[in-house]
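The numbering of the sequence shown is the numbering used here, which starts it at 4 and goes up by one.
Glycine included, C-beta positions come from ideal geometry on N, C-alpha and C.
Owing to the predicted nature of the structure, the values given are computational and were not obtained by experimental measurement.
Below is one structure, written out as structure tokens, with a few remarks after it.
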Amino acid sequence: MKVLKPKRPISAGIILSYRCTGECKHCMYACSPRWENLWMDRDLFRFAVEKLASFSSQLYRGVGDRILGVNYGFHLTGGEPFINFPLLVSYVELASKIGLPSIFVETNCFWCISDEIVRNRLMMLKESGLHGILVSVNPFMLEHVDFGNVKRCVKIALDVFGYRNTMVYHPYFYRQAEEIGVQGKLSFEEYLRVASAKNYTITEILNPSIILPMGRLCYKLSRFYGKRGFKSYLGERCLDELTRPWHIHIDCYGNYIPGYCGGISLGDVRRIDEILEEGVNLSDKPVLEALSGGIHELYKLSVEGYGYKPIDEGYISKCHLCLDIRRYLALEVGGFKELQPVELYKYI
Ligand code: SF4
Ligand code: SF4
């Protein structure tokens with residue numbers, strides 16, 4: 004029996020819901036207001052947190068209430084977790100009681116409409132056991148969130164959680180938005196116009212060290228990227244990404260998602276002990292089996308087995324090719340248990 008052996012997670016994001024207040028053009032998890040209003044069930048949350056806490060207790064000893072970075076610790080995320088604030092508070096309380104170290108929440112700040120609201124909510128979360136916050140800022144969320152909200156959140160979070168436990172992702176874009184004088188919300192076309200007038204190049208606006216060429220970006224922003232035919236990606240492999248121990252995700256349906264690979268499930272997290280000890284059984288997961296052999300195997304399976312036709316204009320990255328094949332398999336063929344949640348492929 005062929006198996007894939009993921010490493011025991013040392014940091015993770017818990018996707019409480021895929022529902023978001025906006026639909027960023029670069030979202031890796033295809034979040035959107037169009038998703039069903041489904042939130043992680045409390046028993047599943049408790050189970051996931053107990054497991055993650057037990058895996059990480061040694062590693063975070065002595066630094067449990069400090070946020071060390073985006074790829075360390077455990078973040079509650081979405082979608083947008085503040086859409087369901089009562090649930091967020093109660094889950095933070097539960098995670099804190101269980102002893103999960105380095106807990107932070109990620110937000111797009113849609114809710115930060117007054118100083119009073121921000122301070123009250125952040126204080127409430129801190130008192131419930133939250134250690135810190137990650138504030139998102141980039142040109143795409145500014146299409147649907149006022150930059151003033153972001154600034155307000157950062158200012159008050161610094162006061163509530165301190166410098167060490169307040170992260171902005173990414174400070175590069177925060178500075179860029181300030182420098183080009185963003186006020187309120189603005190469309191990406193407008194952002195491009197204003198930033199170009201301040202001599203920012205497209206590469207500086209889509210900073211490739213921060214904005215990864217995967218997820219919805221492959222469809223919504225591909226015009227800004229160079230493309231290559233499928234053949235140039237066939238030598239690529241993904242074993243590291245599929246098995247890495249850092250920044251894995253667990254979603255509201257219970258999917259164990261490797262790294263940033265939205266739409267791929269290694270299995271139900273309720274069976275995480277089996278997944279980690281015995282490995283993921285690939286015999287009933289042909290797409291994952293092919294991917295674990297490399298992009299060439301995924302390509303071969305999709306073309307020879309299921310009639311996938313490559314895009315004439317080419318792909319911006321290996322993840323674009325991978326996602327396009329998976330989207331075809333999930334939506335046009337169907338029945339692959341490793342391609343979950345299927346809605347992600349609809350909303351990409
Ligand atoms: S990137 Fe963040 S703010 Fe944007 S759609 Fe995705 S979850 Fe929502
Ligand atoms: S090519 Fe696919 S499996 Fe590999 S890192 Fe990208 S999304 Fe993940």
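Got a sec? Which residues, its chain only, sit under 6 Å from residue i by beta carbon, not counting five neighbours each side?
i    : result
L137 : F107, E109, M170, Y172
G135 : I70, F107, F164, N168
L161 : T169
A98  : V52, I106
L62  : I13
S139 : N111, Y172
G25  : H147
H323 : C221
G317 : K230, R231, G232
K201 : I183
Residue i: which of the options sits nearest, CA to CA?
i    : options                : result
D68  : P211, V95, I159        : V95
K100 : E207, V121, K8, A56    : A56
D315 : G232, F143, P211       : G232
S352 : D287, F227, F88        : Look at the range of the chain in this structure, 4 to 351, and you will see that residue 352 is not part of it.
C27  : G81, I17, L19          : G81
L189 : S225, F143, A200       : F143
I214 : L19, N141, E281        : N141
H352 : P289, F48, I120        : Since the first and last residues shown for the chain are 4 and 351, residue 352 lies out of range.
G102 : L133, M127, L125, R226 : L133
R155 : G187, L128, K129       : G187
K158 : Y194, S117, L145, E193 : S117
P104 : F58, K230, E181        : F58
T206 : C115, R37, G229        : G229
D46  : K201, L19, R64, S60    : L19
E244 : E280, K129, C325, G65  : C325
E83  : F113, N123, V66, S60   : F113
D44  : N258, V66, E280, E181  : N258
Answer yes or no: do residue i and residue j have a C-beta to C-beta separation smaller than 8 Å?
i    : j    : result
S14  : F77  : yes
S268 : I260 : yes
I328 : L301 : yes
L7   : V283 : yes
L347 : G265 : yes
P248 : P12  : yes
P344 : Y263 : no
K10  : L285 : no
K349 : L334 : yes
L79  : I120 : no
F50  : R273 : yes
L367 : I298 : As shown, the chain starts at 4 and ends at 351. That puts residue 367 outside it, with no answer to give.
S295 : L242 : yes
K321 : E193 : no
L90  : W38  : no
L145 : V197 : no
Can you find the residues in the same chain that come closer than 8 Å, C-beta to C-beta, to residue i, ignoring five residues on each side of it along the sequence?
i    : result
Y203 : Q179, I183
D287 : K340
H250 : S14, A15, G16, V73, N74, G262, Y263
R226 : none
L304 : P289, V290, A293
T246 : L7, K8, P9, K10, P261
K129 : V163, F164
Please return the same chain residues whose Cβ sits closer than 7 Å to the Cβ of residue i, not counting the five positions on each side in sequence.
i    : result
Y309 : L332, V336
N40  : R22
K223 : K28
M127 : V92
C115 : V121, N152, R155, C156
L195 : I208
G270 : Y259, I278, V283
R330 : Y348, I351
So is the beta-carbon of residue i under 7 Å away from any non-hydrogen atom of ligand 4?
i    : result
S190 : This structure simply doesn't include ligand 4; it includes ligand 1 and ligand 2 instead.
Taking CB distances under 8 Å as the criterion, tell me whether residue i reaches chain B.
i   : result
N74 : Considering every chain present, this structure includes no chain B. It has just one protein chain.
Exercise for the section: Note down, one range per segment and in chain order, each alpha helix (DSSP H) of at least 4 residues found wholly within the stretch 236 to 312. Expected result: 242 to 246, 275 to 281, 289 to 296, 298 to 303
Handout entry: Inter-stretch contact at 8 Å, needing at least 3 Cβ pairs: the stretch 20 to 39 / the stretch 212 to 222
Key = yes
Exercise for the section: Note down, one range per segment and in chain order, each alpha helix (DSSP H) of at least 4 residues found wholly within the stretch 199 to 243. Expected result: 205 to 208, 220 to 223
Practice task
Flag this pair as touching only if the stretch 149 to 160 and the stretch 176 to 196 have three or more C-beta atom pairs under 8 Å; answer yes or no.
Solution key: yes
Exercise for the section: Pick out the complete alpha helix (DSSP H) segments inside the stretch 115 to 195, 4 residues or longer, and give them in chain order. Expected result: 118 to 130, 150 to 164, 174 to 182
Practice task
Go through the stretch 33 to 75 residue by residue and report every complete run of the alpha helix (DSSP H) that reaches 4 residues or more, in order.
Solution key: 45 to 59
Problem - Segments assigned alpha helix (DSSP H), at least 4 residues, entirely inside the stretch 310 to 348 - result: 321 to 331
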